[in-house]
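Residue numbers (the working numbering): 627 to 688.
Right, here's the structure in full:
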């Protein structure tokens with residue numbers, strides 16, 4: 627699997643179907659073979675970045 631933002635493979639698993647990109651510091655969740663992409667804010671909350679990526683870019687690519 628590659629990060630849709632930086633195209634890197636430096637992903638760590640942080641939970642069931644949840645990953646973290648150590649290159650661009652975003653969180654990825656797999657929902658129905660599609661990625662939900664979030665930025666982790668300073669206070670620990672998540673902000674969705676899905677609107678920045680097309681549906682094709684968010685399709686799961688192993």
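Ideal placement from N, C-alpha and C gives every residue a C-beta, glycine not left out.
Distance check for residue 628 and residue 683, CA to CA, integer angstroms please. Residue numbering aside, residue 683 sits at position 57 when the chain shown is read from its first letter. Residue numbering aside, residue 628 sits at position 2 when the chain shown is read from its first letter. Cα-Cα distance, rounded: 11 Å.
Residue of 642, 646 and 632 minimising C-alpha distance to residue 666: As a working mapping, residue 666 is identified with position 40 in the chain shown. Measuring C-alpha to C-alpha distances from residue 666 to each of 642, 646 and 632 identifies 646 as the nearest.
Cβ of residue 653 within 8 Å of any heavy atom in the ligand HEM? Ligands displayed in this structure: none; no statement on the ligand HEM is therefore possible.
For residue 634 and residue 642, I'd like the C-alpha separation in whole angstroms. On the chain shown, position 8 is the one that residue 634 refers to. On the chain shown, position 16 is the one that residue 642 refers to. Annotation: residue 634 to residue 642 spans about 20 Å, alpha carbon to alpha carbon.
Euclidean distance between Cα positions of residue 632 and residue 650: Looking up residue 632 in the chain shown gives position 6. Looking up residue 650 in the chain shown gives position 24. Each residue's CA atom was taken as its position, placing residue 632 and residue 650 some 7 Å apart.
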